[in-house]
Amino acid sequence: MTSSPATLAKLGSIMQISYVPDDYDAALEYWTQKMGAGPFFHTEGVQVENVKYRGQPSDIRFSMAIGYWGDVQVELIRPDNDAPSMFKDWREKGLKGVQHLCVIVDDLAEARRITESKGGEVIQEVSLPGGVGGAFYADYGGGPGTIIEYLQIPQPGLDGFAAMRQAHLDWDGQSNPVIGKD
Numbered sequence: 001m002t003s004s005p006a007t008l009a010k011l012g013s014i015m016q017i018s019y020v021p022d023d024y025d026a027a028l029e030y031w032t033q034k035m036g037a038g039p040f041f042h043t044e045g046v047q048v049e050n051v052k053y054r055g056q057p058s059d060i061r062f063s064m065a066i067g068y069w070g071d072v073q074v075e076l077i078r079p080d081n082d083a084p085s086m087f088k089d090w091r092e093k094g095l096k097g098v099q100h101l102c103v104i105v106d107d108l109a110e111a112r113r114i115t116e117s118k119g120g121e122v123i124q125e126v127s128l129p130g131g132v133g134g135a136f137y138a139d140y141g142g143g144p145g146t147i148i149e150y151l152q153i154p155q156p157g158l159d160g161f162a163a164m165r166q167a168h169l170d171w172d173g174q175s176n177p178v179i180g181k182d
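All the letters of the sequence shown, read from the start, carry residue numbers 1 to 182 under our numbering.
This is the structure in structure tokens:
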């Protein structure tokens, strides 16, 4: 019996495309100058809590930039340390292109139950600072770009995403393309 992807699809819509580029600054320039995405909101030294990579605790730190390209959020990630993570592995394997997609869910435990029932392997999981949400990343075995992040985030986080999208709609496409980065 084959499993139906409809159950996974009903968990939520894809809201984000995420990359782990070799050259973070060049990727920011590409997305802002060529593609017209932005402005990007850069955060240095992100450290999430209760990280497990392939079932083992990890102390990952990374920098990220989030911007919008129309209604789609674009995330760029740069690992800042050598702790085990799917981001570090991606770069070490020399992979290119989309690293993962993100779906916002209301119930992370239910999303995980459905993911595992459909053969998805949870390869990384995190708690957001302060325990106000979390995420897990599932690999469905389809190769690069088929990892799905399931994110449960409280309303203030969703409001932050909405503010970033509004900044994109109001942006002139030139001034201050990356906010928070020197």
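Ideal Cβ positions, reconstructed from N, Cα and C, are used throughout, including at glycine.
Enclosing alpha helix (DSSP H) for residue i [first to last residue]
i: G157; result: 155-170
i: I114; result: 108-117
i: R91; result: 86-92
i: A26; result: 24-29
Beta-carbon proximity check, residue i vs residue j, cutoff 8 Å
i: G120; j: D139; result: yes
i: Y150; j: A111; result: yes
i: A37; j: Y68; result: yes
i: V74; j: I60; result: no
i: Y24; j: R78; result: yes
i: Q152; j: G134; result: yes
Residue i to residue j span [Cα, whole Å]
i: D107; j: K10; result: 12 Å
i: V72; j: I17; result: 7 Å
i: I66; j: H42; result: 7 Å
i: V46; j: L128; result: 10 Å
i: G55; j: Q174; result: 43 Å
i: W90; j: T32; result: 23 Å
i: V132; j: E49; result: 11 Å
i: G142; j: M15; result: 20 Å
i: A167; j: G180; result: 14 Å
i: I147; j: L101; result: 6 Å
i: A163; j: P154; result: 15 Å
i: D182; j: Y137; result: 30 Å
i: L169; j: Q124; result: 33 Å
i: P21; j: E29; result: 12 Å
i: R165; j: K93; result: 32 Å
i: K88; j: L95; result: 11 Å
i: M1; j: F40; result: Model confidence at M1 stands at a pLDDT of 45, short of 50, so the residue's coordinates are unreliable and nothing is read from them.
i: L76; j: E44; result: 12 Å
Member of the options whose CA lies at the smallest distance from the CA of residue i
i: G70; options: W171, V178, I179, N176; result: W171
i: P177; options: G130, K34, I148; result: K34
i: Y53; options: M86, K96, E116; result: M86
i: T7; options: G145, T115, G134, A135; result: T115
Boundaries of the beta strand (DSSP E) in which residue i is found, first to last residue
i: S127; result: 121-127
i: I148; result: 147-152
i: Y68; result: 62-69
i: V48; result: First-last for V48: undefined, no H or E at that position.
i: Q73; result: 72-79
i: L101; result: 98-104
i: G134; result: 134-139
Inter-residue CB distance, residue i and residue j (contact presumed, cutoff 8 Å)
i: D80; j: S63; result: 6 Å
i: Y19; j: V98; result: 6 Å
i: I104; j: G160; result: In fact, because the Cβ distance is near 12 Å, the residues do not count as touching under 8 Å.
i: S117; j: P84; result: About 27 Å separates the two Cβ atoms, so there is no contact after all.
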